[in-house]
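All remarks here apply to the structure that follows.
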Amino acid sequence: MSAPIAAPAAVVFDRVTRRFGSGEGAVDALADVSLDIPRGSIFGVLGESGAGKSTLLRLMNGLDHPTSGRVLVGGTDLASLAPRELRAMRHRIGVVFQHFNLVGNLTARANVALPLRLQHRRDPERVAAMLEFVGLSALADRYPAQLSGGQQQRVAIARALVTGPELLLCDEPTSALDTHTTAEILDLLQTTRTEFGTTIALVTHELDAVQAVCDAAAVFERGVLLDTVAVPRTTRQREQRYLDHVRSRLAS
Ligand SMILES: Nc1ncnc2c1ncn2[C@@H]1O[C@H](COP(=O)(O)OP(=O)(O)OP(=O)(O)O)[C@@H](O)[C@H]1O
Numbered sequence: 282m283s284a285p286i287a288a289p290a291a292v293v294f295d296r297v298t299r300r301f302g303s304g305e306g307a308v309d310a311l312a313d314v315s316l317d318i319p320r321g322s323i324f325g326v327l328g329e330s331g332a333g334k335s336t337l338l339r340l341m342n343g344l345d346h347p348t349s350g351r352v353l354v355g356g357t358d359l360a361s362l363a364p365r366e367l368r369a370m371r372h373r374i375g376v377v378f379q380h381f382n383l384v385g386n387l388t389a390r391a392n393v394a395l396p397l398r399l400q401h402r403r404d405p406e407r408v409a410a411m412l413e414f415v416g417l418s419a420l421a422d423r424y425p426a427q428l429s430g431g432q433q434q435r436v437a438i439a440r441a442l443v444t445g446p447e448l449l450l451c452d453e454p455t456s457a458l459d460t461h462t463t464a465e466i467l468d469l470l471q472t473t474r475t476e477f478g479t480t481i482a483l484v485t486h487e488l489d490a491v492q493a494v495c496d497a498a499a500v501f502e503r504g505v506l507l508d509t510v511a512v513p514r515t516t517r518q519r520e521q522r523y524l525d526h527v528r529s530r531l532a533s
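In the working numbering, each residue carries its 1-based index in the sequence shown increased by 281.
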């Protein structure tokens with residue numbers, strides 16, 4: 282029997298170094314990092330402050346480029362793209378931030394529609410479907426200040442997904458949320474992967490978040506990739522998550 286053919290990685294870091302400054306003051310935010318993020322996975326990027334997590338995300342998003350090495354997204358070296366091509370590529374990548382980054386004077390609905398507007402597109406049905414997907418149809422005409430943190434993050438996720446990205450970058454998406462809301466947002470990320478096949482990079486310093494939803498995680502310290510670990514999904518963990526979910530529903 283022939284060996285199974287591995288699906289191509291959604292993101293490849295090929296010997297990537299990102300150096301800031303020069304001479305004695307130089308800092309390698311990432312030092313010779315090689316990493317594959319499998320297509321359709323939820324991949325954790327774990328590390329303390331200063332580990333290089335944000336730098337890694339900015340490189341995946343094409344907002345920054347390596348000092349040496351290559352970052353491939355969907356097989357394309359981002360540094361090889363002309364500005365126009367890079368903009369097109371970035372439409373295939375959604376981003377969710379720690380502090381939601383919603384536009385305060387736009388309703389939830391208008392926030393979700395924003396990425397389409399920036400592409401000169403209008404698709405109210407798609408916007409409505411995304412709001413329904415994140416469970417916020419009833420609150421679509423509220424402004425961010427009228428929503429809880431968890432609700433705002435749901436809007437941000439709907440906004441990130443509205444263009445149908447194949448890659449979703451999440452930068453500490455639950456760090457500003459309480460435990461219960463964190464679990465709900467992590468569940469939503471899992472549903473996103475299941476429903477749309479989106480590859481999700483989850484940057485966090487929270488080990489619990491990685492254990493709850495990630496298939497694997499890369500662990501960084503001061504720019505160095507210490508290890509890439511598979512996260513075991515035992516039956517026990519699945520049962521426990523289900524029980525936690527049921528209990529929280531009954532309690533609410
Ligand atoms: N634009 C920059 N200029 C100079 N140094 C930078 C720049 N961006 C990042 N660094 C340095 O690179 C290292 C990694 O920073 P990075 O922000 O990627 O870490 P992080 O893991 O995201 O940290 P945090 O969790 O605090 O956001 C740090 O030492 C930081 O000071």
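We put the beta carbon where it would ideally sit given N, CA and C, even for glycine.
Exercise for review: Give the C-beta separation of residue 342 and residue 314 to the nearest angstrom, bearing in mind that I take them to be a contact with Cβ-Cβ under 8 Å.
Suggested key: 16 Å between Cβ atoms; not a contact.
Exercise for review: Along the alpha helix (DSSP H) that carries residue 475, what are the first and last residues, could you check?
Suggested key: 460 to 477
Practice item. Return the Cβ separation of residue 331 and residue 440 in integer angstroms, given the expectation that the two are a contact with Cβ distance under 8 Å. Key: Not quite, the Cβ-Cβ distance comes to about 29 Å (not below 8 Å), so this is no contact.
**Study point:** Range covered by the alpha helix (DSSP H) that runs through residue 457
**Key:** Premise fails: residue 457 is in no alpha helix (DSSP H) and is neither H nor E.
**Study point:** Pairwise C-alpha distance: residue 370 and residue 364
**Key:** 10 Å
Exercise for review: Inspect the CB distances between the stretch 483 to 491 and the stretch 303 to 320 and report whether three or more fall short of 8 Å.
Suggested key: no
Review point. Can you find a heavy atom of ligand 1 that lies under 7 Å from the Cβ of residue 298?
Key: no
Point to revise | For residue 444, three-class secondary structure by DSSP | key: coil
Review point. Are residue 480 and residue 320 close, meaning C-beta to C-beta below 8 Å?
Key: yes
Exercise for review: Reducing DSSP to helix, strand and coil, say where residue 285 ends up.
Suggested key: Summary for residue 285: the model assigns pLDDT 49, below 50, so the residue's position carries little reliability, and this model does not support an answer.
Practice item. Can you tell me which of the three DSSP states residue 319 falls into? Key: strand
Point to revise | DSSP-derived helix/strand/coil call for residue 332 | key: coil
**Study point:** Residue from 352, 452, 417, 329 whose Cα sits closest to the Cα of residue 431
**Key:** 417
Review point. In terms of residues, what are the limits of the beta strand (DSSP E) holding residue 414?
Key: Not the beta strand (DSSP E): residue 414 falls in the alpha helix (DSSP H), residues 405 to 414.
Check your understanding: How should residue 514 be labelled, buried or exposed, when 16 other C-beta atoms within 10 angstroms of its C-beta is the threshold for buried?
Key -> exposed
Practice item. Would you tell me roughly how many angstroms separate the C-alpha atoms of residue 349 and residue 499, rounded to the nearest one? Key: 20 Å
Point to revise | In DSSP terms, what residue 504 is bridged to | key: Partner(s): none; residue 504 has no beta bridge.
Exercise for review: Return yes when the C-beta of residue 336 is under 7 Å from any heavy atom of ligand 1, and no when it is not.
Suggested key: yes
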